[in-house]
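When we follow the numbering used here, the leftmost residue of the sequence shown carries the number 17, and every step to the right adds one.
Here's the structure, in structure tokens; my notes come after.
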Amino acid sequence: MTFFDRSAALKRLASDHFDVLVIGGGITGVGVALDAVSRGLKTALIERDDFASGTSSKSSKLIHGGLRYLQQGEVRLVYEALHERQRLRRNASHLVQVLPFMIPILTKDGVVSKKIARALGSALWMYDLTGGWRIGKIHRRLKQQQALAHMPTMPSAKLSSAYVYYDATADDARVCLAIARTAAQHGAVIVNRCGAKTLLHDNDGKAIGARVTPINGAEFDVRADVVINAAGVWADEIRQSDTGIDPESIRPAKGIHITVPWKLVRNDIAVVIPVRSDKRSLFVVPWVPNGDGTFQYTYIGTTDTDYSGSVNESQCSSDDITYVLDALNASITTTVTREDITAVWSGLRPLVRSSEGSTLKSKTQDLSRKHKVEHSPSGMISITGGKLTTYRRMAQDTVNAALAQLGRRARCRTKRLSVIGSHEFSAKDLSAAESHLVHRFGSETAAINEIVAARPDLAEPLINGLPYLKAEAIFAVRNEMATTLDDVLSRRTRALLINRRATLSQARGVAELIAPDLGWSVQEIDKQVASFVDLCAREEAAGAVTEAEFLASNA
Ligand SMILES: Cc1cc2nc3c(=O)[nH]c(=O)nc-3n(C[C@H](O)[C@H](O)[C@H](O)COP(=O)(O)OP(=O)(O)OC[C@H]3O[C@@H](n4cnc5c(N)ncnc54)[C@H](O)[C@@H]3O)c2cc1C
């Protein structure tokens, strides 16, 4: 599996000339790289940090059309997203799973608002007709007892009935990684921890590549005919490096999630709960299945607020936690406290600031999730906005623009292009442990089994109480370009997003486990653990104060 090798990729980056250089290894960038390489373009991608380390590992992990966007009148966007949902279900079938969602219909003072129930029913019909049907099931109404069975902690006195509709879920960071690896398998040169420092221009001002700085290495130039800026909330930095002017085209919107023990909520499907204070809703999503209809954790999110701090660090604040806990506790009969929270995560949506509608006064939740492909005078192409779900369509539009610039033609191939791991695997009649591996590795599960066959101790849990195996960490450093402890604990596995304390307490053991493969000395192990401890400590500190207080502490 040498196609995803960092040092080989660095050598080729320095020596080859590319048709396309993509800056940014989030879902947008890796999608563009796969689209470009599969159309026959010689493609390179550089990621400054780790794949998906920006927004693409911090989403709500839904592959969805977004019922809310339909209610906002974005029919075209929802249609497109539901079509993409179906394509991703087919092309990455091991990673994407159908997830039923329940919308409870609550009574006010013992009375059900027929108007609300009818409006919801109509919206769900619209969702199904817009493309929801493609999943093979359409929405249905549940009686009170059926609804309660899906989440027994809901207050039965207030619950009248519910609707169930269907969407899908996927581990965002793994989808991003799988697409990066698939692009590499098709011949793209893909590398993490290698940022674009400045853009390179020829004498006519045309963008012809970037000067890059690989971690622990000397900087060098990467040459390409077309440069594509897919840097998410950092896209304006790249554009400033291109033109010298900050276009202020991105309006970052922060969203957080919290994880709590499942036994406090006991929902066996995702549930949409209302936030009374601002007419929004939150998703309550069961996580880490036990295989018998019960789960170990539930995560709840997300918020949608303007963000004015540095885009290099967004944290979940005390206010964010209060907002989510208040909404959750208003919807259940149990009480979930701050002490119950096992993990949090926070991400920034790279929303496009439109020249007309979206003034600073409008709420970020009302801004469109559409994407935008823009050309700079230098020829650099920037792709911004969009959603995890629509990454493929975004990539198609971006590569169409690149081909036009190159004066070439090639048909898009990604509509039916299988992602690595999605070939020939069976997800039927599996135990929880087998299902865990198959839904993360698909046909590559065989490689994990081989690692275990050679060293049976690697079948032990990586973090006690979580489903990940030690063998998965070894696979991550050998085949998935994981180069830090955080890569393994935050993105190759999602341990940090599930249970911070458990993960932290066993971080040294994980560092020692992967050290031989990464050639780490004892000092390097100490450094990796210290940096992970620091990351966790900052996250914990941010959760104890307001966002303003946390930002002021960094000033
Ligand atoms: C809270 C939240 C919930 C969401 N939920 C959903 C959901 O459920 N479903 C859905 O479809 N969408 C969802 N989204 C939207 C989705 O997550 C984003 O649209 C998507 O992840 C953005 O990906 P990106 O690649 O554009 O940005 P990023 O993932 O941020 O990637 C940009 C990358 O560029 C790199 N970079 C920056 N500067 C440089 C440089 N100089 N050189 C090299 N690399 C550089 C960064 O390190 C980063 O990795 C959600 C977003 C948020 C914030």
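Every residue gets a Cβ at the ideal spot worked out from N, C-alpha and C, and that includes glycine.
### Message
Relative to the C-alpha of Gly82, which candidate in Lys74, Ile231, Tyr95, Ser72 has its C-alpha closest?
### Response
In the sequence shown, counting from the first residue as 1, residue 82 sits at position 66. Looking at the Cα atoms, Tyr95 is the closest of the given residues.
According to DSSP, which residues form a beta bridge with Ile266? For the purposes of this step, residue 266 is taken as residue 250 along the sequence shown, with counting starting at 1. Answer is Val368.
request  = Check His439 in the structure and name its three-state DSSP category.
outcome  = Counting from 1 along the sequence shown, the entry for residue 439 is found at position 423. If DSSP states are grouped into helix, strand and coil, His439 belongs with coil.
How should Lys295 be labelled, buried or exposed, when 16 other C-beta atoms within 10 angstroms of its C-beta is the threshold for buried?
Position 279 of the sequence shown, counted from the first residue, corresponds to residue 295. Exposed, by the Cβ-count rule.
Beta-bridge partners of Ser297, as assigned by DSSP: Here residue 297 is taken as the residue at index 281 of the sequence shown, counted from 1. Beta-bridge pairing links Ser297 to Pro290.
request  = Determine the extent of the beta strand (DSSP E) in which Met396 is found, giving its start and end residues.
outcome  = Working through the sequence shown from its first residue, we reach residue 396 at position 380. Here Met396 belongs to no beta strand (DSSP E), and DSSP marks it neither H nor E.
Practice task
Answer with buried or exposed for Pro391, where buried requires no fewer than 16 other C-beta atoms within 10 angstroms of its C-beta.
Solution key: To locate residue 391, count along the sequence shown from 1; it is residue 375. The residue asked about is misnamed: residue 391 is His in this sequence, not Pro. Exposed, since its Cβ has fewer than 16 Cβ neighbours within 10 Å.
Mind reading off the beta-carbon distance from Arg255 to Ser398? Whole number of angstroms is fine, and I expect it under 8 Å.
Taking the sequence shown and counting its residues from 1, one reaches residue 255 at position 239. Taking the sequence shown and counting its residues from 1, one reaches residue 398 at position 382. About 6 Å separates the two Cβ atoms, so the contact holds.
Anyone know if the C-beta pair for Gly248 and Ser447 falls short of 9 Å?
Numbered from its first residue, the sequence shown carries residue 248 at position 232. Numbered from its first residue, the sequence shown carries residue 447 at position 431. Not in contact: Gly248 and Ser447 (Cβ atoms no closer than 9 Å).
Considering only residues of the same chain and omitting the five flanking positions on each side of Ile151, which have a CB-CB separation below 8 Å?
What you label residue 151 is simply residue 135 of the sequence shown in a count that begins at 1. Correct list, in chain order: Arg101, Gln102, Arg105, Val114, Tyr182, Asp183, Ala184.
What residue range does the beta strand (DSSP E) around Lys159 cover?
Against the sequence shown, residue 159 aligns to sequence position 143. Unbroken beta strand (DSSP E) run through Lys159: 156-159.
Pull the bridge partners of Ala240 from the DSSP assignment, please. Taking the first residue of the sequence shown as position 1, residue 240 is located at position 224. DSSP output for Ala240 lists Phe34 as bridge partner(s).
Where Gln161 and Asp187 are concerned, what is the direct C-alpha to C-alpha distance, given to the nearest angstrom? By 1-based counting over the sequence shown, the position of residue 161 is 145. By 1-based counting over the sequence shown, the position of residue 187 is 171. The straight-line gap from Cα to Cα measures roughly 31 Å.
Worksheet item: Tell me which same chain residues have a C-beta within less than 8 Å of the C-beta of Ile3, skipping the five on either side of it?
Response: There is no way to answer for residue 3, as the model of the chain reaches only from 17 to 571.
Note to self: Measuring only the C-alpha atoms, how far is Gly481 from Leu367?
What the structure shows: Taking the first residue of the sequence shown as position 1, residue 481 is located at position 465. Taking the first residue of the sequence shown as position 1, residue 367 is located at position 351. C-alpha separation (whole angstroms): 37 Å.
Notebook entry, point to check: In its own chain, which residues sit with a C-beta less than 6 Å from the C-beta of Leu513, not counting the 5 before and 5 after it?
Noted result: In the sequence shown, residue 513 corresponds to position 497, counting from 1. The answer, listed in chain order, is Ala359, Trp361.
With a threshold of 7 Å on Cβ separation, who are the neighbours of Gly47 within its own chain once the five nearest residues in sequence on each side are excluded? Within the sequence shown, the letter at position 31 stands for residue 47. If we look at Gly47 and ignore the five residues flanking it on each side, its Cβ neighbours are Ile195, Tyr407, Arg408, Met410, Ala411.
### Message
If the criterion is Cβ atoms closer than 9 Å, does the pair Arg22 and Ala212 meet it?
### Response
Position 6 of the sequence shown holds residue 22. Position 196 of the sequence shown holds residue 212. In this structure, Ala212 does not lie closer than 9 Å to Arg22 by Cβ.
Fill in: Gly148 Cβ short of 8 Å to ligand 1 heavy atom set
Along the sequence shown, read from residue 1 onward, the residue named residue 148 stands at position 132. No.
Expressed to the nearest angstrom, what Euclidean distance is found between the alpha-carbon atoms of Thr375 and Val493? Looking up residue 375 in the sequence shown gives position 359. Looking up residue 493 in the sequence shown gives position 477. Legend: pLDDT at Thr375 = 45, less than 50; position of this residue unreliable, no value from coordinates given.
Chain-order list of residues whose beta-carbon lies under 7 Å from that of Ile261 (same chain, five-residue window excluded) | For the purposes of this step, residue 261 is taken as residue 245 along the sequence shown, with counting starting at 1. Closer than 7 Å at Cβ, skipping near neighbours: no residue.
| Hey, Ile39 and Asn245 are a contact pair by Cβ (cut 8 Å); roughly how many whole angstroms apart? | Counting from 1 along the sequence shown, the entry for residue 39 is found at position 23. Counting from 1 along the sequence shown, the entry for residue 245 is found at position 229. At roughly 5 Å, the Cβ-Cβ gap stays under 8 Å, so Ile39 and Asn245 are in contact.
ask   = Do you know offhand how far Val549's Cα is from Glu528's?
value = Here residue 549 refers to the residue found at position 533 of the sequence shown. Here residue 528 refers to the residue found at position 512 of the sequence shown. When rounded, the distance between both Cα atoms is 15 Å.
Hey, out of Leu478, Ala223, Ser347, whose CA is closest to Pro171's CA? As a position in the sequence shown, residue 171 is number 155, starting the count at 1. It is Ser347.
* Asked: Under the three-state reduction of DSSP, which class applies to Gly559: helix, strand or coil?
  -> Working through the sequence shown from its first residue, we reach residue 559 at position 543. Three-state result, Gly559: coil.
Next on the checklist: Can you look up Glu329 in the DSSP assignment and give me helix, strand or coil?
Outcome noted: One-based indexing of the sequence shown puts residue 329 at position 313. Here Glu329 sits in coil by DSSP.
Could you pull out every residue in the same chain whose Cβ sits closer than 6 Å to the Cβ of Ala531, ignoring the five residues on either side in sequence? Reading the sequence shown from its first residue, position 515 is the one you call residue 531. Excluding residues within five positions, the ones whose Cβ falls inside 6 Å are Ile541.
Can you tell me the Cβ-Cβ gap for Leu122 and Lys174, rounded? I've got them flagged as a contact below 8 Å. Taking the first residue of the sequence shown as position 1, residue 122 is located at position 106. Taking the first residue of the sequence shown as position 1, residue 174 is located at position 158. Indeed, because the Cβ distance is near 5 Å, the residues count as touching under 8 Å.
CB-CB under 6 Å to Leu520, same chain, minus the five flanking residues each way: which ones, in chain order? Translated into the one-based positions of the sequence shown, residue 520 becomes position 504. The answer, listed in chain order, is Cys552.
Checklist entry - To the nearest whole angstrom, what separates the beta carbons of Phe20 and Asn495, a pair I think is in contact under 8 Å? => result For the purposes of this step, residue 20 is taken as residue 4 along the sequence shown, with counting starting at 1. For the purposes of this step, residue 495 is taken as residue 479 along the sequence shown, with counting starting at 1. With 8 Å as the limit, Phe20 and Asn495 qualify as a contact, their Cβ atoms being about 6 Å apart.
Query - Residue interval of the beta strand (DSSP E) (run including Pro116) - result: Here residue 116 refers to the residue found at position 100 of the sequence shown. 113-124 is the extent of the beta strand (DSSP E) around Pro116.
Fill in: Minimum C-alpha distance to Thr275 - residue among Thr414, Lys74, Ser537
One-based indexing of the sequence shown puts residue 275 at position 259. When only C-alpha atoms are compared, the closest one is Lys74.
- Would you say the beta carbon of Val112 comes nearer than 8 Å to a heavy atom of ligand 1? Looking up residue 112 in the sequence shown gives position 96. Val112 Cβ: outside cutoff for every heavy atom of ligand 1.
Between the CA atoms of Asp335 and Asp561 - distance to the nearest angstrom = If you number the sequence shown from 1, residue 561 lands on position 545. If you number the sequence shown from 1, residue 335 lands on position 319. A small correction: the amino acid at residue 561 is Val; Asp does not occupy that position in the sequence shown. Spanning the two alpha carbons is a distance of roughly 8 Å.
In whole angstroms, what separates the C-alpha of Leu534 from that of Val545?
-> Counting from one through the sequence shown, the residue named residue 534 turns up at place 518. Counting from one through the sequence shown, the residue named residue 545 turns up at place 529. Those two C-alpha atoms are separated by around 14 Å.
Contact under 9 Å by Cβ, Asp284 with Pro302 = Residue 284 sits at position 268 when you count from the first residue of the sequence shown. Residue 302 sits at position 286 when you count from the first residue of the sequence shown. Cβ distance < 9 Å, so Asp284 and Pro302 count as in contact.
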